[in-house]
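Colleague:
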Amino acid sequence: MKLILGTFLFSVASALLPILNVEAYLAAVAIKAHHLSDWQLAAVGAAGQTAGKVFWYFAGTQSLRIRWIRQKMETEKWQLSYARWHERIVGRPVFAGAISFTSAVTGFPPLAVIAVLAGTLRMNFAIFLGTVFLGRTIRFWLVLAGVGILFGH
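Each residue of the sequence shown is one higher than the last, beginning at 677 in my numbering.
#1: Are the CB atoms of Gly795 and Gly736 within a distance shorter than 8 Å?
#2: I need the boundaries of the alpha helix (DSSP H) containing Ala719, first residue and last residue.
#3: On a Cα-Cα basis, can you pick out the residue from Leu826, Trp715, Gly824 that is closest to Phe809?
#4: Are the Cβ atoms of Phe684 and Leu696 separated by less than 8 Å?
#5: For Thr751, which three-state DSSP category applies?
#6: Would Leu717 be called buried (16 or more neighbouring beta carbons within 10 Å of its own) or exposed?
#7: Measuring CB to CB, does Leu692 end up less than 8 Å from Gly728?
#8: How close, in whole Å, do the beta carbons of Glu699 and Val819 come, if the pair is a contact with beta carbons under 8 Å?
#9: By DSSP, does Val841 sit in helix, in strand, or in coil?
#10: For the alpha helix (DSSP H) that contains Ile803, what are its first and last residues?
#11: Is DSSP giving Arg743 helix, strand or coil here?
#12: Going by other Cβ atoms of all chains shown within 10 Å of its Cβ, with 16 needed for buried, is Ala722 buried or exposed?
#13: What is the residue span of the alpha helix (DSSP H) that Phe777 lies within?
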């Protein structure tokens, strides 16, 4: 139980601080924790990452209150960019979900950036949560499957 809780907490921390590498942590845990399946470990890591990305989502919902960002938004370039993303995301939940899912699986664009953007544009929160959790679970399972191949786990 301590290992599961520790994995969850490390995953939350790594979602908030990108210098913490959750994939390396999960790989190290997988080598030692033979009582957990790769899917279980991936799901725990994904749950922690998703919880951490919720912070960035809600930071995005408040981002336009920050004076520096409001000033940036006054420029034509930022207004055009915002309008373009708003048009892509709002009212298009499948497309919005595809972007957050792709980011969660591949890391491109960075998921923290996508989480802030999703919050700023008020993306459907349930879709955000579901796609991030599913995408991160798949990403982490792929990492753990690779560890299993390399180390015979």
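Glycine residues also receive a C-beta, built at the ideal position from the N, C-alpha and C atoms.
Modeller: Well, looking at it:
#1: yes
#2: 714-738
#3: Trp715
#4: no
#5: coil
#6: buried
#7: yes
#8: 5 Å
#9: Nothing in the structure corresponds to residue 841, since the chain is present only between 677 and 829.
#10: 801-827
#11: helix
#12: buried
#13: 769-782
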